[in-house]
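Engineer: Residue numbers (the working numbering), protein chains in the order written: chain S, 266 to 514; chain X, 266 to 514.
2 protein chains.
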Amino acid sequence: MASTTGRKQTRRPTSPRRGRLAQRPEAGESGLQRERGRIRTRFGTRGQPEESRAAILRAAVAEFAEYGIAGARTDRIAQTAKVNKALLYYYFKDKDALYEAVLDHVFSGMRERVLPVLESDLEPREKLIEYVSQYFDYIAANPRFPRVVQSEWMRVGAHASPQMLRIAREYFAPIYAQMAKLLREGAEKGQLRPVNPLDLLPSLVGIVIFYFSTATAMKALLKVDPLSKERIAERRKFVLEFITEAVCL
Amino acid sequence: MASTTGRKQTRRPTSPRRGRLAQRPEAGESGLQRERGRIRTRFGTRGQPEESRAAILRAAVAEFAEYGIAGARTDRIAQTAKVNKALLYYYFKDKDALYEAVLDHVFSGMRERVLPVLESDLEPREKLIEYVSQYFDYIAANPRFPRVVQSEWMRVGAHASPQMLRIAREYFAPIYAQMAKLLREGAEKGQLRPVNPLDLLPSLVGIVIFYFSTATAMKALLKVDPLSKERIAERRKFVLEFITEAVCL
DNA sequence: AGAATCTAACTAACTGGTTAATTAAGGGAA
DNA sequence: TTCCCTTAATTAACCAGTTAGTTAGATTCT
Numbered sequence: 266m267a268s269t270t271g272r273k274q275t276r277r278p279t280s281p282r283r284g285r286l287a288q289r290p291e292a293g294e295s296g297l298q299r300e301r302g303r304i305r306t307r308f309g310t311r312g313q314p315e316e317s318r319a320a321i322l323r324a325a326v327a328e329f330a331e332y333g334i335a336g337a338r339t340d341r342i343a344q345t346a347k348v349n350k351a352l353l354y355y356y357f358k359d360k361d362a363l364y365e366a367v368l369d370h371v372f373s374g375m376r377e378r379v380l381p382v383l384e385s386d387l388e389p390r391e392k393l394i395e396y397v398s399q400y401f402d403y404i405a406a407n408p409r410f411p412r413v414v415q416s417e418w419m420r421v422g423a424h425a426s427p428q429m430l431r432i433a434r435e436y437f438a439p440i441y442a443q444m445a446k447l448l449r450e451g452a453e454k455g456q457l458r459p460v461n462p463l464d465l466l467p468s469l470v471g472i473v474i475f476y477f478s479t480a481t482a483m484k485a486l487l488k489v490d491p492l493s494k495e496r497i498a499e500r501r502k503f504v505l506e507f508i509t510e511a512v513c514l
Numbered sequence: 266m267a268s269t270t271g272r273k274q275t276r277r278p279t280s281p282r283r284g285r286l287a288q289r290p291e292a293g294e295s296g297l298q299r300e301r302g303r304i305r306t307r308f309g310t311r312g313q314p315e316e317s318r319a320a321i322l323r324a325a326v327a328e329f330a331e332y333g334i335a336g337a338r339t340d341r342i343a344q345t346a347k348v349n350k351a352l353l354y355y356y357f358k359d360k361d362a363l364y365e366a367v368l369d370h371v372f373s374g375m376r377e378r379v380l381p382v383l384e385s386d387l388e389p390r391e392k393l394i395e396y397v398s399q400y401f402d403y404i405a406a407n408p409r410f411p412r413v414v415q416s417e418w419m420r421v422g423a424h425a426s427p428q429m430l431r432i433a434r435e436y437f438a439p440i441y442a443q444m445a446k447l448l449r450e451g452a453e454k455g456q457l458r459p460v461n462p463l464d465l466l467p468s469l470v471g472i473v474i475f476y477f478s479t480a481t482a483m484k485a486l487l488k489v490d491p492l493s494k495e496r497i498a499e500r501r502k503f504v505l506e507f508i509t510e511a512v513c514l
């Protein structure tokens with residue numbers, strides 16, 4: 266029995282089927298499918314191409330977040346997105362390309378949210394706090410993303426893939442550079458304790474991300490809901506104070 | 266083959282075989298195999314059962330750390346451990362059981378290292394620092410473990426598995442309880458800022474673990490070796506100072 | 001008609017797990 | 001000592017089920 270990877274997917278080997286070429290949708294449907302109250306075009310429609318693509322991407326985010334790259338199943342993604350599996354391969358080259366798209370979605374959202382702060386002309390201390398705030402809020406608003414991020418970090422084994430290098434160059438490098446500058450200036454102005462960005466950055470990311478990437482586990486294990494509005498507000502307050510105390514003078 | 270079950274009659278269809286009862290190893294081999302210079306017993310030997318089991322477990326730790334649960338391949342584990350794949354199933358029920366064994370290995374080591382500190386009669390502030398030190402040193406000495414830990418945390422999706430509940434009960438619960446007590450006392454004695462263990466614990470774990478679980482990626486991306494002796498010493502200093510500043514009064 | 005969108009059914013390759021055969025060693029009997 | 005039987009340890013070959021990806025078309029819009 267396949268335990269971790271296994272999933273049931275009966276291929277209907279026995280069920281009686283109509284002749285292959287004689288299939289037609291039941292009369293009265295005419296390519297439309299009633300679903301959850303609203304009518305949705307189904308066959309060969311040009312109506313919702315973007316909608317389909319977006320649905321696939323959304324489903325893929327959820328799937329990759331839940332099961333990781335190796336654990337993600339394309340069949341399940343298609344099912345969640347309510348499209349045929351072949352449509353995944355119509356819009357995306359392969360599973361890896363789909364994963365890349367998910368990464369871009371997740372990381373570009375983060376960068377857009379966070380980079381403007383780092384490029385602003387706030388004072389180092391305020392800038393750092395604002396950076397953490399924005400980062401936290403982005404993650405809190407998309408609590409599935411940390412699992413994708415974490416998976417991606419962990420994917421790299423021994424040597425980096427070209428895709429990972431691209432991600433690093435496009436998303437992490439600019440943030441790292443800005444952060445290094447921020448810390449240098451903050452230390453010079455006496456606003457921040459002098460720290461190595463190579464130490465601070467992974468610590469910030471770790472603090473913010475770990476809580477969310479393990480949230481489902483915490484929810485299952487404790488009585489508390491780690492993603493409730495109040496809990497998240499409390500967590501936010503803690504994180505900001507924690508970091509302020511740790512690095513601000 | 267005269268298999269009584271009738272399952273497989275097509276065993277070794279091509280290779281010419283000696284008569285069943287007359288088979289003996291070639292003269293001069295006598296069950297030993299020369300391999301990379303040293304002689305290693307190979308066939309049906311009762312000599313190294315523990316050695317074999319240990320080799321499998323060691324290989325499994327590396328494999329699960331590198332590829333995660335779903336990505337881990339039993340064939341590769343067997344190959345790394347230099348044993349036949351069937352031997353995995355001789356010593357462990359299935360892939361999941363092997364993974365459980367890996368988890369126990371990793372978490373029990375951590376608990377043994379860390380719980381005595383929490384149960385000692387150090388003052389709250391010193392106890393906290395000592396806890397973090399021990400935790401850090403354990404992880405630094407086993408830099409593969411964070412990836413296993415992280416994978417395990419992320420494995421839980423939506424609802425906890427019975428195995429996860431066991432892990433939580435056996436390893437996390439006692440640590441959490443001690444930590445909660447420590448923080449309460451520390452706050453009462455005015456040694457520590459009053460914080461929720463539900464916030465502090467995942468932050469500590471996140472800070473310590475994230476750096477190591479992403480180390481391979483960092484190594485591939487930057488010029489620095491994040492696991493060099495000097496870098497780890499620097500990191501250790503940073504982490505301890507960071508946490509001291511953040512929660513100690 | 002033709003292009004864009006979409007699907008049922010299929011397949012090649014892989015992967016976890018099983019099986020029957022095989023080997024070395026220990027113990028007892030002759 | 002020699003022979004045989006039992007058992008633990010180990011393996012090559014195999015299989016059933018799963019999964020990423022493909023194919024040959026169907027549908028609808030312009």
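Don't be surprised by glycine CBs; every beta carbon is placed ideally from N, CA and C.
Curious, which full-length alpha helix (DSSP H) runs of at least 4 residues does the stretch 367-441 of chain X contain?
Structural biologist: For the stretch 367-441 of chain X, whole alpha helix (DSSP H) runs of length 4 or above, ordered along the chain, are 389-406, 410-420 and 427-432.
Engineer: Count Cβ pairs between the stretch 439-454 of chain X and the stretch 489-506 of chain X that sit closer than 8 Å; are there 3 or more?
Structural biologist: With a cut-off of 8 Å, the stretch 489-506 of chain X and the stretch 439-454 of chain X do not count as touching, because too few Cβ pairs lie within range.
Engineer: So with Cβ pairs under 7 Å, would you call X/M444 a contact of chain S?
Structural biologist: Position 179 of the second sequence holds residue 444 of chain X. No, X/M444 lies away from the interface with chain S (no Cβ there is under 7 Å from its Cβ).
Engineer: Mind checking if S/L322 is an interface residue toward chain X, Cβ cutoff 7 Å exclusive?
Structural biologist: In the first sequence, counting from the first residue as 1, residue 322 of chain S sits at position 57. By this cut-off, S/L322 is not an interface position.
Engineer: Can you tell me where the alpha helix (DSSP H) with X/D340 in it begins and where it stops?
Structural biologist: Sequence index remark: in the second sequence, residue 340 of chain X carries index 75 (1-based). Element bounds for X/D340: T339 to A346.
Engineer: Does chain X have any CB closer than 7 Å to the CB of S/G271?
Structural biologist: Locating residue 271 of chain S in the first sequence gives position 6, where the first residue counts as 1. A caution first: S/G271 carries a pLDDT of 30, below 50, which makes its placement in the model unreliable, though a value can still be read off. Cβ-Cβ to chain X under 7 Å: no for S/G271.
Engineer: So S/K494 is in the alpha helix (DSSP H); what residue range does that whole segment cover?
Structural biologist: In the first sequence, the residue the question calls residue 494 of chain S occupies position 229. Taken as a continuous stretch (DSSP letters only), the alpha helix (DSSP H) holding S/K494 covers K494 to V512.
Engineer: Buried or exposed: S/P467, going by 16 or more other Cβ atoms within 10 Å of its Cβ?
Structural biologist: For the purposes of this step, residue 467 of chain S is identified with residue 202 of the first sequence, where counting begins at 1. Under this definition S/P467 is a buried residue.
Engineer: Give me the chain X residues within the contact set of S/M429, using Cβ-Cβ distance strictly less than 8 Å, ordered along the chain.
Structural biologist: What you label residue 429 of chain S is simply residue 164 of the first sequence in a count that begins at 1. A482, A485 and L486, listed in chain order.
Engineer: Got a sec: which bits of the stretch 445-464 of chain S sit with their beta carbon under 8 Å from any beta carbon on chain X, in order along the chain?
Structural biologist: Against chain X - using a Cβ distance shorter than 8 Å - the residues of the stretch 445-464 of chain S are R458, V460, N461, L463 and D464.
Engineer: Can you tell me whether S/L447 is helix, strand or coil according to DSSP?
Structural biologist: As a working mapping, residue 447 of chain S is identified with position 182 in the first sequence. Here S/L447 sits in helix by DSSP.
Engineer: Does the stretch 469-489 of chain X come close enough to the stretch 410-424 of chain S that 3 or more CB-CB pairs lie under 8 Å?
Structural biologist: Segments in contact, yes.
Engineer: Taking X/Y332 as the query, report the chain S residues whose CB atoms sit under 8 Å from its CB, ordered along the chain.
Structural biologist: Here the question's residue 332 of chain X lines up with position 67 in the second sequence. Simply A335 and G422.
Engineer: Does the structure place the stretch 367-377 of chain S close enough to the stretch 429-438 of chain S that three or more beta carbon pairs sit under 8 Å?
Structural biologist: Short answer: they touch.
Engineer: Quick one: which chain X residues come within Cβ less than 8 Å of S/E510?
Structural biologist: Indexing the first sequence from 1 puts residue 510 of chain S at position 245. Here the neighbours are R458, E510, A511 and V512.
Engineer: Among X/Y332, X/K502 and X/V348, which residue has its Cα nearest to the Cα of X/A319?
Structural biologist: Mapped onto the second sequence, residue 319 of chain X falls at position 54. Of X/Y332, X/K502 and X/V348, the residue nearest in Cα terms is X/V348.
Engineer: Interface residues of chain X around S/A346 at Cβ under 8 Å?
Structural biologist: Here residue 346 of chain S corresponds to residue number 81 of the first sequence, with the count starting at 1. What S/A346 touches in chain X: nothing, since even the nearest Cβ is about 18 Å away.
Engineer: To the nearest angstrom, report how far apart X/E506 and S/A330 are at their CA atoms.
Structural biologist: Here the question's residue 506 of chain X lines up with position 241 in the second sequence. Here the question's residue 330 of chain S lines up with position 65 in the first sequence. Approximately 33 Å, taken between the alpha carbons.
Engineer: So the alpha helix (DSSP H) S/K484 belongs to, where does it begin and stop?
Structural biologist: The sequence position of residue 484 of chain S within the first sequence is 219, counting from 1. Segment A480 to L486, the alpha helix (DSSP H) holding S/K484.
Engineer: Examine chain S for any beta-carbon lying closer than 7 Å to the beta-carbon of X/P408, and answer yes or no.
Structural biologist: As a working mapping, residue 408 of chain X is identified with position 143 in the second sequence. Judged by the 7 Å Cβ criterion, X/P408 is not in contact with chain S.
Engineer: Am I right that X/I474 and X/Q415 are in contact with their C-beta atoms under 8 Å? What's the rounded C-beta distance?
Structural biologist: Here residue 474 of chain X is taken as the residue at index 209 of the second sequence, counted from 1. Here residue 415 of chain X is taken as the residue at index 150 of the second sequence, counted from 1. Right, their Cβ atoms sit about 6 Å apart.
Engineer: May I ask which residues mark the beginning and end of the alpha helix (DSSP H) holding X/L352?
Structural biologist: Mapped onto the second sequence, residue 352 of chain X falls at position 87. Where X/L352 is concerned, the enclosing alpha helix (DSSP H) stretches over K350 to Y356.
Engineer: So with CB distances below 8 Å, who are the chain S contacts of X/F329?
Structural biologist: Your numbering for residue 329 of chain X matches position 64 in the second sequence. Neighbours of X/F329 on chain S: none; closest Cβ ~11 Å, over 8 Å.
Engineer: Within the 7 Å Cβ cut-off, does X/T339 reach chain S?
Structural biologist: The residue given as residue 339 of chain X occupies position 74 in the second sequence. For X/T339, the answer is no, since every Cβ of chain S falls outside 7 Å of its Cβ.
Engineer: Beta-carbon within less than 7 Å of S/S317's beta-carbon, same chain only, minus the 5 sequence neighbours each way: which residues are those?
Structural biologist: The residue labelled residue 317 of chain S in the question sits at position 52 within the first sequence. So the qualifying residues of the chain are V348 and L352.
Engineer: Would you mind sorting X/P389 into buried or exposed? The rule is 16 or more other CB atoms within 10 Å of its CB.
Structural biologist: As a position in the second sequence, residue 389 of chain X is number 124, starting the count at 1. Buried: at least 16 other Cβ atoms inside 10 Å.
Engineer: Per DSSP, which one or two residues make a beta bridge with S/L457?
Structural biologist: Locating residue 457 of chain S in the first sequence gives position 192, where the first residue counts as 1. According to DSSP, S/L457 bridges with S/C513.
Engineer: Can you list, in chain order, the residues of the stretch 347-363 of chain X whose Cβ is nearer than 7 Å to any Cβ on chain S?
Structural biologist: Within the stretch 347-363 of chain X, the qualifying residues are D359, K360 and D361.
Engineer: Buried or exposed: where does S/L393 fall if 16 or more other Cβ atoms within 10 Å of its Cβ makes it buried?
Structural biologist: Working through the first sequence from its first residue, we reach residue 393 of chain S at position 128. S/L393 comes out buried.
Engineer: Give the residues of chain S in contact with X/V470, contact being defined as C-beta atoms less than 8 Å apart.
Structural biologist: Position 205 of the second sequence holds residue 470 of chain X. What X/V470 touches in chain S: F475.
Engineer: Under the rule that 16 or more other beta-carbon atoms within 10 Å means buried, what is S/G451, buried or exposed?
Structural biologist: Reading the first sequence from its first residue, position 186 is the one you call residue 451 of chain S. Classification for S/G451: buried.
Engineer: Listed from N- to C-terminal order along the chain, which residues in the stretch 385-405 of chain X have their beta-carbon within a distance smaller than 8 Å of any beta-carbon of chain S?
Structural biologist: Flagged: no residues at all.
Engineer: For X/K360, is the classification buried or exposed, using 16 other Cβ atoms within 10 angstroms of its Cβ as the cut-off for buried?
Structural biologist: Within the second sequence, residue 360 of chain X is the residue found at index 95, counting from 1. X/K360 should be labelled buried.
Engineer: Give the interface partners of S/R500 over in chain X, defined as CB-CB distance under 8 Å, in chain order.
Structural biologist: Locating residue 500 of chain S in the first sequence gives position 235, counting from the first residue. D464, listed in chain order.
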